[in-house]
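Quick notes on the structure that follows.
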Amino acid sequence: MKKPDMLLTDIERSIFAKALVISIIAHAALLGGTSFSLFADWGKYGVHSPSYINAQKSKENKEAEAERRKAAAEEKAAEEAKKAEAEKAAAPAKDAKAAAPAATNAANAATPATAATPAAEDGKVTPPEVEPLPPKKEFQLGDDLSLD
């Protein structure tokens, strides 16, 4: 038969210190492993809260988007300027075509495609006129409805 003091010898050897060290290492690994992007942001923006960093990122994104749109608008304006110069250079040739016989114009006007979409004198197709919607009426209860 064992004495009660012998049964307590295993309990006296506590694993608290070992469990504490393992827990600290596991938590450090988990938090460090899941925070790479935060550490990278801290390297770029300084040690700030995530909300401050997100505000800075959105500000940078808006500025980049504005610059991209400005560049696209400048490119489009340059393209339109080139197109206008090309049309201006082609204007004498267009005048020569306008002097062509009127019979071809009459034949072109009789086709159903041009009849459906009227063309202006300069050759641009204009959409048909659209009637505006009637004015908006205020809501009224019907005769058979009441709030009583």
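Residue 666 in the working numbering sits at position 62 of the sequence shown; the count goes up by one each step and never skips.
From the three backbone atoms N, C-alpha and C, an ideal C-beta is built for every residue, glycine too.
Quiz item: Secondary structure at E625, three-state DSSP: helix, strand or coil?
Solution: Taking the sequence shown and counting its residues from 1, the one referred to as residue 625 is at position 21. What sits at residue 625 in the sequence shown is Val, not Glu. Correct three-state label for V625: helix.
Practice problem: Give me whichever residues DSSP pairs with V734 in a beta bridge. | Solution: On the sequence shown, position 130 is the one that residue 734 refers to. BP columns for V734 are empty, so no partner.
Quiz item: Cβ of D645 less than 7 Å from any chain D Cβ?
Solution: The chain labelled as chain D is not found in the depicted structure, where only one protein chain is given.
Quiz prompt | Classification of D747 by the beta-carbon crowding that lies within 10 angstroms, buried from 16 upward | solution = Locating residue 747 in the sequence shown gives position 143, counting from the first residue. That one is exposed.
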